[in-house]
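Numbering (the working numbering), first residue to last: 76 to 362.
Even glycine gets a Cβ: it sits at the ideal position worked out from N, Cα and C.
Remember, predicted model here, so these are calculated numbers, not experimental data.
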């Protein structure tokens, strides 16, 4: 579920909404995967694990029935847009839809997890805080390294990899476009990391108060539905600039796509649309 939040630098990558890692087999075992992911962050006892399993299963069922058909429709639309050539308006459409779908999923997950999270004890909260710190350190070491060359190379490699999953190999000229974008938005990466840490601190503080499951679920869901409420003016300003420059990057990249790259992109999107249609149980849409 966390990978649903991954942001590609190409609108097609963003529109995939976790498609990079979500195959038919993986999704059919998503409940087990989600429990494993939660277990890597939470030191749950047997009763809590069993309770979490039932909530994850319900979330899985809701997501399959209500969200996956939407993903499939979005990807089919994205495929048609990619076939004719992507515009700045297409990028804005893609970002808006991806954010809406992610917020819906994250809020639903928070509400389902709340009954279990409300039972966490002090030792479990301490373990969660330690895991947050550990993951943050790993991220900062790789993507926010003090060495300029190392940091920029890691950020560029991550961005190029996400794009190439949809377009195939990029040319040196195309990579240069992506690199220019990365260099223009290093502050944005820092602000996003700080926002992540702020959210984690706020969540831990909320959990430490031990509110009831209803209040906890509502509060956590609200942080996903309206993240702007906790964000600084600088963050919001840089986020708008990121969106605008992303649109220019995508349009510039689109103009340089070879026939082979465009065909790869269109086919990739169609394949993921088919996967989501099948996973949702609507096989008739997987054409």
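query, result
"What residue ranges within the segment 272-355 form continuous alpha helix (DSSP H) runs of no fewer than 4 residues, ordered along the chain?", "288-300, 308-331, 334-354"
"If we call anything under 8 Å between Cβ atoms a contact, is residue 348 one with residue 154?", "yes"
"Can you give the beta carbon distance from residue 313 to residue 266, rounded, assuming they're within the 8 Å contact cut?", "6 Å"
"Please give me, in chain order, every unbroken run of the beta strand (DSSP E) with length at least 3 that falls completely inside the segment 166-212.", "none"
"Are the beta-carbon atoms of residue 172 and residue 149 separated by less than 8 Å?", "yes"
"On a Cα-Cα basis, can you pick out the residue from 246, 248, 160, 119 that is closest to residue 199?", "119"
"Looking at residue 183: is its Cβ nearer than 8 Å to the Cβ of residue 336?", "no"
"Under three-state DSSP, which class holds residue 257?", "helix"
"Buried or exposed for residue 136, going by 16 or more other Cβ atoms inside 10 Å?", "exposed"
"Give the range of the alpha helix (DSSP H) segment to which residue 144 is assigned.", "143-159"
"Since residue 344 and residue 163 should fall inside the 8 Å C-beta cutoff, what is the C-beta to C-beta distance between them, to a whole number of angstroms?", "Wrong, their Cβ atoms sit about 19 Å apart, outside the cutoff."
"Could you check which residue in 323, 213, 176 has the C-alpha nearest to that of residue 166?", "323"
"Grouping DSSP H, G and I as helix and E and B as strand, with all else coil, what is residue 242?", "helix"
"Is the beta carbon of residue 328 closer than 8 Å to that of residue 249?", "yes"
"With DSSP as the reference, label residue 220 as helix, strand or coil.", "coil"
"I want to check one thing, is the minimum distance from the CB of residue 278 to the heavy atoms of the ligand PLP below 7 Å?", "For the structure depicted, the ligand PLP is absent and the ligand set is empty, with no information on it obtainable."
"Name the residue from 290, 292, 140, 152 whose alpha carbon lies nearest to the alpha carbon of residue 169.", "152"
"Where residue 256 and residue 213 are concerned, what is the direct C-alpha to C-alpha distance, given to the nearest angstrom?", "24 Å"
"For residue 98, I'd like the list of residues in its chain whose CB is within less than 6 Å of its CB, leaving aside the five on either flank, ordered along the chain.", "Its pLDDT being 38, under 50, residue 98 is placed unreliably in this model, and the coordinates cannot settle the point."
"Under the assumption that residue 253 contacts residue 235 (Cβ atoms under 8 Å), give the Cβ distance between them as a whole number of angstroms.", "6 Å"
"So, is residue 223 buried or exposed, given that buried needs 16 or more other C-beta atoms within 10 angstroms?", "exposed"
"Alpha carbon to alpha carbon, what distance is there between residue 188 and residue 311?", "29 Å"
"What residue range is occupied by the uninterrupted alpha helix (DSSP H) comprising residue 135?", "121-137"
"Between residue 351 and the rest of its own chain, which residues show a CB-CB distance below 7 Å, the 5 nearest in sequence each way excluded?", "143, 146, 147, 150"
"If you reduce the DSSP assignment to three classes, tell me which class residue 117 lands in.", "coil"
"Quick one, which of 177, 272, 315 has its alpha-carbon nearest residue 209's?", "272"
"Please report the straight-line C-alpha distance between residue 122 and residue 251, rounded to a whole angstrom.", "53 Å"
"For my contact list, residue 178 and residue 300 are in at a C-beta cut-off of 8 Å; report their separation, rounded to the angstrom.", "5 Å"
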